[in-house]
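**Student:**
Protein chains: 2
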Amino acid sequence: MYESPLFWPSHWEDKTLMVLDETLIPSKLKYIPVRKVSDAVDVIKTMKTRAFGQFLVVLNAFILEMNHVSAKSKVTLKHIETVAQLLNASRPTFPFAEVTGIIVGVAQKASASGADVRGPVTKTVDGFLQGIRQRRLERVRQLALSIQGGDNILTHCNVSGELAMACAMAKAQGKKIKVFATETRPYLQGAKLTVWELQEAGIPVTLVADNAVGSLMAEKLVNKVVIGSDRSAANGDIANKVGSYQIAVLAHEFDIPLIALTQPSNKVPAGKDMPIEQRSPLEVLLYERKRLFPSGVEAYYPGFDVVPHQLIKKAITIHAGL
Amino acid sequence: MYESPLFWPSHWEDKTLMVLDETLIPSKLKYIPVRKVSDAVDVIKTMKTRAFGQFLVVLNAFILEMNHVSAKSKVTLKHIETVAQLLNASRPTFPFAEVTGIIVGVAQKASASGADVRGPVTKTVDGFLQGIRQRRLERVRQLALSIQGGDNILTHCNVSGELAMACAMAKAQGKKIKVFATETRPYLQGAKLTVWELQEAGIPVTLVADNAVGSLMAEKLVNKVVIGSDRSAANGDIANKVGSYQIAVLAHEFDIPLIALTQPSNKVPAGKDMPIEQRSPLEVLLYERKRLFPSGVEAYYPGFDVVPHQLIKKAITIHAGL
């Protein structure tokens, strides 16, 4: 089975977490050495890693911290709480606190009974990672089953390997499919990551400007939309990369089913309760580190927008556990 | 009154037509010398000039051709017809034939009566240019009247100076306004031209990614949309820069009035009858002449899309005459 490097974008080399630098794709496949928690926060904030890659870094950051406490010393609740706080503050839209809260809970329980928290925390992190891997693979299989031969699929941003893997699986099942990927300005994740991994997976892919979505639908060139989600609310609303909302409105207008890959979440009741991160205007004003636009101009760049559940035809969710 | 360089982006220097190179803005304000008809076709095809600038070049191309015929020789119908054919073939979506057809008609009439066509063609072109200037200034005045104090206007691509001039006029009328400009990928006319000229006109402007339109509307940050049109149909449908259609659908969804600057046209019955130019995929795949994306990937880039008249709240049209 084809596995995209974006599906599991980090791995350990001894005590260093090697994190795929997603900003260098497709030019280079390079891993950044992450040795301590501040490095972990840094790769998240600067979006060197993103989407699922961030969750891997969040979970593994606890291991990084514990590696710095000598085997003879105790890992304390304080260590774990400090790591959690740093991670929670890194990006507002992401529910990192839902994950870190569980780890802190495990540490509190161990700490209350006087035990070293190292063992229970390590076991919990490992369990999470193994479980989430299996559940994501199951989501890929479900998505592959939702894809029919002859489908022309529109996608936005990047779904961390799952769409490319589902397409490869569907292709192996004898289904002939084609994908249209939006550029996804300003970061161009669609053009750089999605186009690249679909090519790697041997799936025909066509790049379109974000402006061409209405045209594509009006010309009946796509019959299905697949997007991921960065966060889900209890009512089924999701937050995803900015632009998802307008694609969903257009898909609804044209009666094109929208499939969202989601995660269960009951921490926020609805989309309006999810804080939307405002990224730096410079991320719109600069392009490949070059300033493109006049100085003194303002820019508005919400990192995400909310797709209300009414616009989602089918949600393929990851089963509970994380 | 403030006049944007984009409102009238070419002028004569002796027998050379100097055409503003809109692809270099905002870095440079540079004019390209256009000495013969093939140069004129070239600046149109390569989009060095665009929108209204193209019509100026189309009309003036006849003068360029006649300048090459010595004053002692006759300008023939054949000269005029050849110019018209070259111009008509340059960009499919634009109704250049509607303009060149009139010029050819004038030449035919003069030719039939045995006269030199030089005089009648020159007079017709000059008359057109003077007339269209007055009518466009009137459209600017009408647009300024449609702008209210407190308006937050979203615009897409570039309306050849008219929006910037109307905003400057509205500001002089004491109205406080703000404009949001989309980037308008792949050519970035919004970011490069619209942002620049609004800054020149002293109007607060905020740049947004094309993906942020849905967000802007959902957050109630804009209350009016103003776009131009590259072509109008008899039923009121318009063709405009790709992305206009999806903005119109979203504006309708949020009950935000969309104002379109249009021209009268009865040559095509409806939007579906307007041919849509497919630009080169390279224009999506390259960015500032640098290849951004993997080789071997396809791209889909319709230059325009159609906004159906049902989605246009108010059309400010240029009065007949061209």
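Top to bottom, those sequences are chains A and B. For the first sequence, our numbering puts the final residue at 322, and the numbers step up evenly by one. For the second sequence, our numbering puts the final residue at 644, and the numbers step up evenly by one. Built from N, CA and C at the ideal position, the CB exists for glycine as well.
(1) Answer yes if the segment 472 to 483 of chain B comes into contact with the segment 514 to 526 of chain B, meaning at least three C-beta pairs across the two stretches below 8 Å, and no otherwise.
(2) Quick one: which residues of the segment 550 to 561 of chain B get their C-beta closer than 8 Å to a C-beta of chain A? List them in chain order.
(3) In chain B, what lies closer than 7 Å to Arg185 (chain A) by C-beta?
(4) Is Trp12 (chain A) helix, strand or coil by DSSP?
(5) By a C-beta neighbour count over all protein chains shown, 10 Å radius and 16 as the cutoff for buried, is Arg118 (chain A) buried or exposed?
(6) Under DSSP, the beta strand (DSSP E) around Ile354 (chain B) begins and ends at which residues?
(7) Please identify, using Cβ separations under 9 Å, the residues of the segment 621 to 641 of chain B that lie next to chain D, in order along the chain.
(8) Can you tell me which of B:Cys489, B:Ile402, B:Ile549, B:Ala429 puts its alpha carbon nearest to the alpha carbon of Thr506 (chain B)?
(9) With DSSP run on the structure shown, which of helix, strand or coil describes Thr398 (chain B)?
(10) Report the rounded CA-to-CA distance for Ala248 (chain A) versus Leu538 (chain B), giving the unit in angstroms.
(11) Here's a check: name, in chain order, each residue in its chain whose Cβ is nearer than 8 Å to the Cβ of Gly321 (chain A), leaving out the five neighbours to either side.
(12) Interface residues of chain A around Ala540 (chain B) at Cβ under 8 Å?
(13) Could you pull the start and end residues of the alpha helix (DSSP H) that Asp364 (chain B) belongs to?
(14) State buried or exposed for Ala170 (chain A), treating a residue as buried only when at least 16 other CB atoms are found within 10 Å of its CB.
(15) For Thr377 (chain B), which of helix, strand or coil comes out of DSSP?
(16) Please determine, among B:Gly512, B:Val629, B:Leu465, the residue with the shortest C-alpha to C-alpha distance to Gln495 (chain B).
(17) Does Gly214 (chain A) have its Cβ less than 9 Å from a Cβ in chain B?
(18) Say whether chain A places a C-beta atom closer than 9 Å to the C-beta of Phe418 (chain B).
(19) Does any C-beta atom of chain A lie closer than 9 Å to the C-beta of Phe329 (chain B)?
(20) Between the alpha carbons of Glu13 (chain A) and Pro95 (chain A), how many angstroms are there, rounded?
(21) In three-state terms, what does DSSP make of Leu322 (chain A)?
(22) Using a threshold of 9 Å, state whether the C-beta atoms of Phe374 (chain B) and Leu328 (chain B) are closer than that.
(23) Using a Cβ cut-off of 9 Å, pull out every chain A residue sitting near Tyr502 (chain B), in sequence order please.
(24) If we count Cβ pairs, one from each stretch, closer than 8 Å, do we get three or more for the segment 254 to 268 of chain A versus the segment 57 to 76 of chain A?
(25) Cβ of Pro630 (chain B) within 9 Å of Cβ of Asp552 (chain B)?
(26) Kindly indicate which three-state DSSP category Asn562 (chain B) falls into: helix, strand or coil?
(27) Skipping 5 residues on each side, what residues in its chain have a beta carbon closer than 6 Å to that of Ala299 (chain A)?
(28) Going by the beta-carbon positions, is the gap between Ile402 (chain B) and Phe384 (chain B) smaller than 9 Å?
(29) Are Glu65 (chain A) and Val37 (chain A) touching if we call contact CB-CB under 9 Å?
(30) Taking only beta carbons into account, state which residues of the segment 379 to 401 of chain B come closer than 9 Å to chain A, listed in chain order.
(31) What would DSSP say about Ala315 (chain A), mapped onto helix, strand or coil?
(32) Please report how far the alpha carbon of Leu258 (chain A) lies from the alpha carbon of Thr422 (chain B), in whole angstroms.
(33) Confirm, please, whether the CB-CB distance from Asp210 (chain A) to Thr182 (chain A) is below 9 Å.
(34) Reducing DSSP to helix, strand and coil, say where Phe62 (chain A) ends up.
(35) Go ahead and label Pro9 (chain A) buried or exposed: buried means 16 or more other beta carbons lie within 10 angstroms of its beta carbon, across all protein chains shown.
(36) By the criterion of Cβ-Cβ separation under 9 Å, what are the contact partners of Lys580 (chain B) in chain A?
**Tutor:** The answer reads as follows:
(1) yes
(2) none
(3) Here the question's residue 185 (chain A) lines up with position 185 in the first sequence. Chain B residues near Arg185 (chain A): Glu505, Arg507, Ala531, Asp532, Asn533.
(4) Translated into positions along the first sequence, residue 12 (chain A) becomes position 12. It is a strand residue.
(5) As a first step, residue 118 (chain A) is located in the first sequence; it is residue number 118 there, counting from the start. So Arg118 (chain A) ends up on the buried side.
(6) As a first step, residue 354 (chain B) must be located in the second sequence, where it is residue number 32. Here the beta strand (DSSP E) through Ile354 (chain B) covers 353 to 356.
(7) The structure shown contains no chain D; the protein chains it does contain are A and B.
(8) As a working note, residue 506 (chain B) is residue 184 in the second sequence. Among B:Cys489, B:Ile402, B:Ile549, B:Ala429, the Cα nearest to that of Thr506 (chain B) is on B:Ile549.
(9) The residue given as residue 398 (chain B) occupies position 76 in the second sequence. Here Thr398 (chain B) sits in coil by DSSP.
(10) The residue given as residue 248 (chain A) occupies position 248 in the first sequence. The residue given as residue 538 (chain B) occupies position 216 in the second sequence. Roughly 15 Å separates the two Cα atoms.
(11) For the purposes of this step, residue 321 (chain A) is taken as the residue at position 321 of the first sequence. Residue confidence is low: Gly321 (chain A) scores 49 on pLDDT, short of 50, so the model does not pin down where it sits. Its coordinate-derived value is still stated next. Closer than 8 Å at Cβ, skipping near neighbours: Phe128, Gly131, Ile132, Arg135.
(12) Position 218 of the second sequence, counting from 1, holds the residue named residue 540 (chain B). Under the 8 Å cutoff, chain A gives Tyr245, Asp305, Val306.
(13) Position 42 of the second sequence holds residue 364 (chain B). Where Asp364 (chain B) is concerned, the enclosing alpha helix (DSSP H) stretches over 359 to 367.
(14) Translated into positions along the first sequence, residue 170 (chain A) becomes position 170. Its Cβ being crowded by 16 or more others within 10 Å, Ala170 (chain A) is buried.
(15) In the second sequence, counting from the first residue as 1, residue 377 (chain B) sits at position 55. According to the sequence displayed, residue 377 (chain B) carries Phe and not Thr. If DSSP states are grouped into helix, strand and coil, Phe377 (chain B) belongs with the helices.
(16) As a working note, residue 495 (chain B) is residue 173 in the second sequence. Among B:Gly512, B:Val629, B:Leu465, the Cα nearest to that of Gln495 (chain B) is on B:Leu465.
(17) Locating residue 214 (chain A) in the first sequence gives position 214, where the first residue counts as 1. Taking Cβ atoms only, chain B reaches closer than 9 Å to Gly214 (chain A), which makes this a yes.
(18) Locating residue 418 (chain B) in the second sequence gives position 96, counting from the first residue. With 9 Å as the cut-off, Phe418 (chain B) does not count as an interface residue toward chain A.
(19) As a first step, residue 329 (chain B) is located in the second sequence; it is residue number 7 there, counting from the start. False, the Cβ-Cβ gap to chain A never drops below 9 Å.
(20) The residue you call residue 13 (chain A) lines up with position 13 of the first sequence. The residue you call residue 95 (chain A) lines up with position 95 of the first sequence. Computed Cα separation, rounded: 27 Å.
(21) For the purposes of this step, residue 322 (chain A) is taken as residue 322 along the first sequence, with counting starting at 1. Residue placement at Leu322 (chain A) cannot be trusted, given a pLDDT of 42 that sits under 50; the coordinates are not used to answer.
(22) Along the second sequence, one-based indexing puts residue 374 (chain B) at 52. Along the second sequence, one-based indexing puts residue 328 (chain B) at 6. Result yes, Cβ atoms of Phe374 (chain B) and Leu328 (chain B) sit closer than 9 Å.
(23) Indexing the second sequence from 1 puts residue 502 (chain B) at position 180. The sequence shown places Phe at residue 502 (chain B), rather than the Tyr named in the question. Near Phe502 (chain B) (Cβ distances below 9 Å), the residues of chain A are Tyr300.
(24) no
(25) Stepping through the second sequence from its first residue, residue 630 (chain B) is reached at position 308. Stepping through the second sequence from its first residue, residue 552 (chain B) is reached at position 230. Cβ atoms of Pro630 (chain B) and Asp552 (chain B): not closer than 9 Å.
(26) Walking along the second sequence from the start, residue 562 (chain B) turns up at place 240. Note: Asn562 (chain B) maps to strand in three-state DSSP.
(27) Stepping through the first sequence from its first residue, residue 299 (chain A) is reached at position 299. These residues qualify, in order along the chain: Pro281, Val284, Leu285.
(28) The residue given as residue 402 (chain B) occupies position 80 in the second sequence. The residue given as residue 384 (chain B) occupies position 62 in the second sequence. Yes.
(29) Here residue 65 (chain A) refers to the residue found at position 65 when the first sequence is read from its first residue. Here residue 37 (chain A) refers to the residue found at position 37 when the first sequence is read from its first residue. Contact flag set, yes.
(30) none
(31) Within the first sequence, the letter at position 315 stands for residue 315 (chain A). Ala315 (chain A): strand per DSSP, three-state reduction.
(32) Residue numbering aside, residue 258 (chain A) sits at position 258 when the first sequence is read from its first letter. Residue numbering aside, residue 422 (chain B) sits at position 100 when the second sequence is read from its first letter. Their backbone Cα atoms lie some 46 Å apart in a straight line.
(33) To locate residue 182 (chain A), count along the first sequence from 1; it is residue 182. To locate residue 210 (chain A), count along the first sequence from 1; it is residue 210. Result yes, Cβ atoms of Thr182 (chain A) and Asp210 (chain A) sit closer than 9 Å.
(34) As a first step, residue 62 (chain A) is located in the first sequence; it is residue number 62 there, counting from the start. Residue state, collapsed to three classes: helix.
(35) On the first sequence, position 9 is the one that residue 9 (chain A) refers to. By the 10 Å Cβ count, Pro9 (chain A) comes out buried.
(36) For the purposes of this step, residue 580 (chain B) is identified with residue 258 of the second sequence, where counting begins at 1. Here residue 580 (chain B) turns out to be Leu, not Lys, going by the sequence shown. Those do not exist, as Leu580 (chain B) stays about 14 Å from chain A at its closest Cβ, beyond 9 Å.
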